[in-house]
Structures are given as structure tokens and as C-alpha cells.
Amino acid sequence: VDAILKDGIAPKAQDVQGIGDPFDAGKIAIAVQPSWNIYWHRNIESFKYDMTFVPKDPKTGKRVTPCYGGWFVIAKNSQHKDEAWAVLNTALSPAEDNETAKKLMAAYGCHFPVKWATKEDWFLRGVPQRPEHWQVCFENLAYAVATPRLWGFREWRAKLQQEFDAAVAGEIGVKEALNNAAAAIQEIIDRGPM
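Sequential numbering of the sequence shown, starting at 5, is according to the numbering used here.
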């Protein structure tokens with residue numbers, strides 16, 4: 005937020021509205037993003053880009069890569085475990101000729117059947133747009149720290165975004181936005197699964 009409002013080194017939302025991803029459009033020089041976003045940058049041809057690790061924390065001297073759980077799971081209390089397993093088994097099949105998995109990949113934009121992802125993925129095949137240090141996608145796993153996953157993620161993510169947007173717009177301070185978000189998120193977590 006300070007980079008936008010105080011320092012003026014990051015664009016305001018209205019400055020990049022309608023251009024798609026500002027990094028892909030060449031409107032910002034640095035984007036701090038998760039490594040899986042490399043897939044969305046695969047069509048950048050107007051400039052060369054590369055990847056690196058997020059810097060070490062200046063206070064702890066440690067490097068941390070947040071590690072998020074996958075999105076395809078079978079709920080413990082599911083009434084349709086067999087059907088869910090059939091979907092997962094098909095979607096994540098290692099077979100390279102798995103047309104269903106390929107359709108899922110196309111629809112989601114980045115979903116790869118696990119066992120052939122490393123063999124078939126575009127950046128491993130050396131396309132011209134591949135960043136020189138693409139191995140960072142895998143090397144950063146040495147610094148992985150699992151992030152907690154609790155129910156209501158989408159709901160509390162929306163609350164967090166709402167507060168972030170208010171801070172970026174200058175309507176409230178960053179500390180107030182964080183406190184508001186923390187209170188709203190805690191309320192959702194305390195409420196439990198619906």
C-alpha cells in the first residue's frame with residue numbers, strides 16, 4: 005500500500021484498469037507472485053523476464069516460501085466419496101493420453117495431471133518465452149512453510165480483499181485494514197463450517 009500511496013512506485017488500480025495483467029502488459033517492472041503464475045506469463049513475447057526467490061526476511065534472516073494446499077480434495081463427510089474419487093482419479097491420471105485431464109487443464113488454465121506435468125509442461129520443454137531461471141519454481145520448495153487452511157477461505161479472502169481495497173484507496177490506514185480483516189476472518193473461523 006505504501007508503494008502505491010506513499011512512494012508512488014506501484015500503479016493505482018485506475019492506472020492499469022482494462023489492460024489485463026500489468027506485468028504481462030509491460031506496465032510494471034516487478035511482480036511478486038506465486039511460482040504457478042509462470043503459466044499465465046507463457047505468452048509474453050514483447051520482453052524477456054526472469055524469476056528469483058523472494059528476499060530473506062531482514063529480521064529473521066530466513067527465506068520463506070508460502071506453501072498452499074491443493075484444491076482437489078474429498079471431504080471426510082462427503083456423501084459421494086466414490087464419485088469424487090472417480091473424478092480425481094481421472095483428472096489426476098498419469099496417462100499422457102488422458103483427454104479428460106487435458107480438458108480440465110484447458111478449462112482451469114493450469115491444472116496438470118501430476119505425473120506428466122514435469123514431462124509435458126511448456127517451460128520444461130524450453131519454449132522461447134521460458135524464464136532463464138525457471139528452476140526457482142522447484143528450488144523454492146526447500147523453503148516451503150505450509151499455510152493454514154481453514155473453512156470459509158473464500159469468504160475470508162473476500163473480507164481481506166475488501167479491507168485491502170479500502171487501504172489502497174486511502175479510505176482507511178493499513179493498520180486499521182489489517183485489524184478489520186483479522187476480526188472478520190476470526191469471526192468466520194469461529195463460526196465453523198456451514
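Cβ coordinates follow ideal geometry from the N, Cα and C atoms, glycine included.
Keep in mind it's a predicted model, so treat the numbers as computed, not measured.
Going by DSSP in three states, residue i sits in which element: helix, strand or coil?
i      : result
VAL58  : coil
GLU167 : helix
ALA146 : helix
ASN81  : coil
GLN133 : coil
GLY7   : Looking at the sequence provided, one finds Ala at residue 7 rather than Gly. Of the three classes helix, strand and coil, the one that applies to ALA7 here is helix, per DSSP.
LEU182 : helix
ALA173 : coil
THR151 : coil
TRP138 : coil
LYS123 : Because LYS123 sits at a pLDDT of 49, beneath the cut-off of 50, its placement in the model cannot be relied upon, and the point is left open.
PRO117 : Low confidence applies here, because PRO117 scores a pLDDT of 47, under 50, leaving its location unreliable; read the following figure in that light. If DSSP states are grouped into helix, strand and coil, PRO117 belongs with coil.
Could you pull out every residue in the same chain whose Cβ sits closer than 6 angstroms to the Cβ of residue i, ignoring the five residues on either side in sequence?
i      : result
ALA148 : THR69, CYS71
ALA35  : PHE27
LEU145 : none
LEU209 : No answer is possible for residue 209: it lies beyond the span of the chain, which begins at 5 and ends at 198.
GLY150 : Here the sequence assigns Ala to residue 150, which means Gly is not the residue at that position. Closer than 6 angstroms at the Cβ level, and outside the excluded window around ALA150, lie CYS71.
GLY65  : none
ASN184 : GLU167
ALA188 : LYS163
Any chance the CB of residue i is under 7 angstroms from a heavy atom of the ligand PLP?
i     : result
GLU87 : This structure lacks the ligand PLP; in fact it carries no ligand of any kind.
Which whole-angstrom value describes the C-beta separation of residue i and residue j, a residue pair presumed to lie in contact below a C-beta threshold of 8 angstroms?
i     : j      : result
ASP25 : TRP44  : 7 angstroms
ASN47 : GLN133 : 7 angstroms
ASP11 : GLU136 : Wrong, their Cβ atoms sit about 29 angstroms apart, outside the cutoff.
Can you find the residues in the same chain that come closer than 7 angstroms, C-beta to C-beta, to residue i, ignoring five residues on each side of it along the sequence?
i     : result
ALA7  : ILE13, ALA14
PHE57 : ARG67, VAL140, ASN144
LYS31 : PRO15, VAL20, ILE23
ASN93 : none
Give me, in chain order, the residues of the same chain whose beta-carbon lies closer than 8 angstroms to that of residue i; leave out the 5 immediate sequence neighbours on both sides.
i      : result
PRO59  : ARG67
GLU159 : ILE192
PHE51  : GLY30
Do the region 136-143 and the region 163-173 make contact, defined as three or more Cβ pairs closer than 8 angstroms? no
Check whether the region 154-173 and the region 80-96 are in contact - that is, three or more C-beta pairs closer than 8 angstroms. no
Give, in chain order, every unbroken run of the alpha helix (DSSP H) that is at least 4 residues long and sits entirely within the region 11-77. 17-20
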